[in-house]
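To keep things clear, I will list the structure first and then write my remarks on it.
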Amino acid sequence: PERALKAAFKLKKKSVWLIDGKFYVDKSFLGEMKHELHLRFVRAVADHARTVADRSAAKASDDAESSKSPPQQHHEVTRLQRAAVLFRRGTFLYRYESMASGPSECDADLPTLVIAKKHTAQCGVMIPNPYFDTIYDAWKHDFDQLLGLGWAAKVAKAWDKRNPRVFWRGKIRQEHGPEECDRDAGNFARVSASALTLTHPAQFDVRPVDCAVRKPSKACDRVFGVRAAELRAQASKCRAVVGKFVTHTTFAGYRGVLDLPGSTSGSYSRNLNHLWLLGAVVFIWTGPLLDGAGASQWYTPALVDSETHVVVDRDTAPALAKAALADDVELRERLRAAARGVA
Numbered sequence: 129p130e131r132a133l134k135a136a137f138k139l140k141k142k143s144v145w146l147i148d149g150k151f152y153v154d155k156s157f158l159g160e161m162k163h164e165l166h167l168r169f170v171r172a173v174a175d176h177a178r179t180v181a182d183r184s185a186a187k188a189s190d191d192a193e194s195s196k197s198p199p200q201q202h203h204e205v206t207r208l209q210r211a212a213v214l215f216r217r218g219t220f221l222y223r224y225e226s227m228a229s230g231p232s233e234c235d236a237d238l239p240t241l242v243i244a245k246k247h248t249a250q251c252g253v254m255i256p257n258p259y260f261d262t263i264y265d266a267w268k269h270d271f272d273q274l275l276g277l278g279w280a281a282k283v284a285k286a287w288d289k290r291n292p293r294v295f296w297r298g299k300i301r302q303e304h305g306p307e308e309c310d311r312d313a314g315n316f317a318r319v320s321a322s323a324l325t326l327t328h329p330a331q332f333d334v335r336p337v338d339c340a341v342r343k344p345s346k347a348c349d350r351v352f353g354v355r356a357a358e359l360r361a362q363a364s365k366c367r368a369v370v371g372k373f374v375t376h377t378t379f380a381g382y383r384g385v386l387d388l389p390g391s392t393s394g395s396y397s398r399n400l401n402h403l404w405l406l407g408a409v410v411f412i413w414t415g416p417l418l419d420g421a422g423a424s425q426w427y428t429p430a431l432v433d434s435e436t437h438v439v440v441d442r443d444t445a446p447a448l449a450k451a452a453l454a455d456d457v458e459l460r461e462r463l464r465a466a467a468r469g470v471a
């Protein structure tokens, strides 16, 4: 405990304390959006755990009074009851790491909670990313709205009326030096995927809404294996492929939706939170300097290629998109149903 306290004070900008049901942080922890969203998230989980536990206890009491045997409890209820006890009377502290590519190191004396890992060997316990917000309130509203767009809307009922292409919108940034290839992996992935809009326009509508051109680097170009189409895609601030911002209403009109790595060193992309809900086939990109299909999140171990989604790269994307969106109806419907299950 003493070593944990010392570590927490040393890392006060990232430390969270829970004492008798109340969360405490240093002032320096606040002011960063991801940190504040995290506090809203854990507060919502704590409140929900207490509510479920209280309801379960009240029902058990009513059953006992009416001489009925207590009903069999669902595992979620018992898990939340245990959490409720911890949130009410427990005292613990942890480090919250909001880096989208995961931590570079962890303290052996202080538990570290992380939202993503670019490499599976990185330390830390993964938890939901902060953009789930107050998961039982704000996210529930977004969940219902997006599910309605993807499955209840007229466009969702008629597959043939959907846009037959794979869709993506986002940004391509230039935040790193020309020789920092590993840190530019996400940006290159976005350039590479956007190039498919030039080479296979009937299949892909993958466009940045804002584009900062990657600085020339012969070393990185060799690492990434840059091709002519990718050079065309990024030329003149992506002029050939740049697109307009669109809302989720438009997302739901496509047969396929693409998740690309975050522009910051190939980190996770919060866009994936929403894609599972839209009634489309979900494609996840992989490429040079990316570990598997990009950064991992807390639910990544439950994902299975060709079951919940389809992993693609610049070489396989055209054929796999054709199979999943046009040729193999059984595969398509299995993927759409599984994506909804992930959500």
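Using the numbering used here, you'd call the opening residue of the sequence shown number 129 and step up by one each time.
Idealized CB from N, CA, C, for every residue including glycine.
Check this for me: beta carbons of residue i and residue j, under 8 Å apart or not?
i, j, result
"S322", "A361", "yes"
"Y224", "V173", "no"
"S424", "A135", "no"
"V334", "L386", "yes"
"P256", "F169", "yes"
"Q273", "P446", "no"
"L405", "L275", "yes"
"H437", "V457", "no"
"K268", "S395", "no"
"L146", "P258", "no"
"C348", "I300", "no"
Might you give, ordered along the chain, the residues of its own chain that have their beta carbon closer than 6 Å to the beta carbon of residue i, omitting 5 neighbours on each side?
i, result
"D417", "In the sequence as presented, Asp is not what sits at residue 417; that position holds Leu. Excluding residues within five positions, the ones whose Cβ falls inside 6 Å are D310 and A313."
"R350", "none"
"P292", "R383"
"E435", "A466"
"D154", "K140"
"D441", "T414 and G415"
"T219", "I147"
Residue i by DSSP, collapsed to three states: which one?
i, result
"K343", "coil"
"H437", "strand"
"A136", "helix"
"F352", "helix"
"S424", "strand"
"V337", "strand"
"K299", "strand"
"D456", "coil"
"R367", "coil"
"V484", "Outside the displayed span of the chain (129 to 471) sits residue 484, for which this structure offers no information."
"L431", "coil"
"N401", "helix"
"P129", "coil"
"A286", "coil"
"T248", "coil"
"Y396", "coil"
"P258", "helix"
"L359", "helix"
"T325", "helix"
"F373", "coil"
"A471", "coil"
Give me, in chain order, the residues of the same chain whose beta-carbon lies closer than 8 Å to that of residue i; leave out the 5 immediate sequence neighbours on both sides.
i, result
"E233", "C251"
"G298", "R318, P336, V337, L388, S391, S397 and N399"
"V374", "R297"
"D237", "R131, A132, K134 and A135"
"A353", "This sequence places Gly at residue 353; Ala is not what is there. The residues are P416."
For residue i, list the residues DSSP reports as bridge partners.
i, result
"R223", "S143 and T240"
"V294", "F332 and G384"
"W122", "Residue 122 cannot be examined here, being either before or after the span of the chain that is shown, 129 to 471."
"S229", "For S229, which the question treats as bridged, DSSP gives no partner whatsoever."
"V253", "L241"
"K155", "Paired residues: none, contrary to the question."
"K150", "I147"
Look at the alpha carbon of residue i and the alpha carbon of residue j, and state the distance between them as a whole number of angstroms.
i, j, result
"K162", "L459", "37 Å"
"E461", "V341", "38 Å"
"R343", "R171", "It should be pointed out that residue 343 corresponds to Lys in this sequence rather than to Arg. Answer to the nearest angstrom: the Cα atoms are 43 Å apart."
"A317", "H402", "20 Å"
"Y382", "A408", "7 Å"
"L158", "S229", "21 Å"
"C366", "F260", "31 Å"
"V369", "F295", "13 Å"
"K140", "R131", "14 Å"
"D455", "R468", "21 Å"
"D443", "A471", "28 Å"
"F151", "L167", "8 Å"
"A452", "S320", "21 Å"
"P429", "F137", "33 Å"
"R464", "R290", "14 Å"
"P129", "M227", "26 Å"
"G149", "M254", "22 Å"
"T240", "Y222", "6 Å"
"L277", "W426", "25 Å"
"W287", "H376", "17 Å"
"T378", "N315", "24 Å"
"A184", "D175", "Reading off the sequence, residue 184 comes out as Ser, not Ala. Roughly 14 Å between the two C-alpha positions."
Quick one: what's got a C-beta closer than 7 Å to residue i's C-beta in the same chain, skipping five residues either side?
i, result
"T88", "This structure leaves residue 88 out entirely; the chain is present only between 129 and 471."
"V439", "I412, T414, A421 and D433"
"K372", "V337"
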